[in-house]
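One structure below.
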């Protein structure tokens, strides 16, 4: 049982208070901690579980004192809260009380915060928090499936996916770059995906009975992987939804091949509450990384191997089965950079690079020599032409010199 309900309070906003159970509260806190761990350390962040005092009654939110002293203003200041959709709320930060007052009530009500929810506050600017909401589990929470397709920050995530893969629906093909360039921006994409991955919208649907929303449809029946006999039987199921419409056909085929190698759906054990379109983005990135690994060679930079592994590690933390890809990366890294032969390979690559530079210098010199020889021949012809005239002129001059006084 996730909740205990208290009724009979005189004040309207305290009637039917809903309290999270200890287990549900701890589960939300754990998910928030997991999200915080993948947000990175570039911006300071803090996890704050919600209690009744934060979301009903006084609507006051105290923040940890050490965090406030280290990162927040020393005086009262307006602090902006930006949610996953990019919408913003202004709040009043009281430095002497280390917490948020005016404006917090509106944020809490607008986001339907309840006891047990866990929030991650990431300080992206001196007076701006990016706020990620981890919803506490409640009985009947399976109705989240009715709202899962109302994915948070859809435009932002689509822009990231579109800019990286240049796909629009199933008709266009993703331009798979060479292994040396395909993932220069993998870290940026990875952080974008992860920073949004643990939230979902709780807004009520105007038409909850609609079967298809944004191209995502409800799953008619659960299919186990051993029931899949071919690509025609393969559907990508996420929390009871079919998200095939979010993944280009050729990417789906490659993903099916990857799943076949492991005899399971690679996304089967994703953490609860992830956005279905973010899952689609993760699947696309997983396929792209697998392609890049297959296209790699001994001249591929270790920097690219590290970027791919960093992305896969983040996906792994979210429950994606990518251990086999990371194992292959580790093996290739050891062969290419850590084995005895790798030193000779590095020397070969260095020598080959220097050799190519020397050859280029020689080509430049040869071109210069050719130009100089051409100029020399032109000057030779000019000298030969003028030599007779100069000789005659010299003879005339000598005669004048030697003439009697």
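Residue numbers (UniProt numbering): 1 to 405. No residue lacks a Cβ here, since even glycine has one placed at the ideal position from N, Cα and C.
Residue 324 and residue 262 do touch by the CB rule: their CB atoms are close to 6 Å apart, below 8 Å.
Distances from the CA of residue 120 to each of 253, 69, 63, 331 were compared; the closest alpha carbon is that of 63. Burial of residue 309 is indicated by the presence of at least 16 other C-beta atoms within 10 angstroms of its C-beta. Counted as a single uninterrupted DSSP element, the stretch harbouring residue 69 is not any beta strand (DSSP E) but the alpha helix (DSSP H) occupying residues 65 to 71. With contacts defined as CB atoms closer than 8 Å, residue 243 and residue 287 fail to qualify as a contacting pair. Per the DSSP secondary-structure output, residue 122 pairs in a beta bridge with 45, 130. Comparing alpha carbon positions, the residue from 134, 382, 354 closest to residue 26 is 134. By alpha-carbon distance to residue 256, the top candidate from 270, 237, 273, 272 is 237. Distance between residue 398 and residue 362, taken at the CA atoms: about 49 Å. Sequence-distant partners of residue 88 (beyond 5 residues in either direction) whose C-beta falls short of 6 Å from its own C-beta, in its chain, are 80, 82.
Following the DSSP letters along the chain, one finds residue 216 in no alpha helix (DSSP H) but inside the beta strand (DSSP E) bounded by residues 216 to 218.
The residue from 22, 31, 24 with its alpha-carbon nearest to that of residue 270 is 31. For residue 255, the uninterrupted alpha helix (DSSP H) run begins and ends at 249 to 262, by DSSP.
Per the C-alpha coordinates, the member of 101, 66, 56 positioned closest to residue 76 is 101. By DSSP's assignment, residue 302 forms no beta bridge with any residue.
For residue 74, the number of other beta carbons within 10 angstroms of its own is below 16, and it is reported as exposed. Residue 103 is positioned such that its CB atom lies no closer than 8 Å to that of residue 112. About 7 Å separates the beta carbons of residue 317 and residue 34, which is inside the 8 Å limit, making them a contact pair.
Residue 115 is a Cβ neighbour of residue 55, given a cutoff of 8 Å.
Residue environment analysis places residue 275 among the buried positions, since at least 16 neighbouring C-beta atoms fall within 10 angstroms of its C-beta.
The criterion of a C-beta distance shorter than 8 Å is not satisfied by residue 260 and residue 266. Partner residues in the beta bridge of residue 93, as assigned by DSSP, are 77, 100. Taken through DSSP and simplified to helix, strand or coil, residue 84 comes out as coil. With contacts defined as CB atoms closer than 8 Å, residue 251 and residue 293 fail to qualify as a contacting pair. For residue 61, the pairing in a beta bridge is given by DSSP as 100. In summary, residue 273 is buried, with 16 or more beta-carbon neighbours lying within 10 Å of its beta-carbon over all protein chains present. Residue 318 carries a coil assignment under DSSP once its states are collapsed to helix, strand and coil. In the DSSP assignment, residue 291 falls within the unbroken alpha helix (DSSP H) covering 276 to 295.
Taking a C-beta distance under 8 Å as the contact criterion, residue 61 and residue 23 do not qualify as a contact pair.
In the DSSP assignment, the residues bridged to residue 238 are 241. When the alpha-carbon of residue 126 is set against those of 312, 97, 136, 72, the nearest one is in 72. In the DSSP annotation of this structure, residue 227 is not part of any alpha helix (DSSP H), being labelled neither H nor E. Annotated three-state conformation of residue 369 is helix, per DSSP. Just so you know, the alpha carbons of residue 107 and residue 336 end up roughly 52 Å apart.
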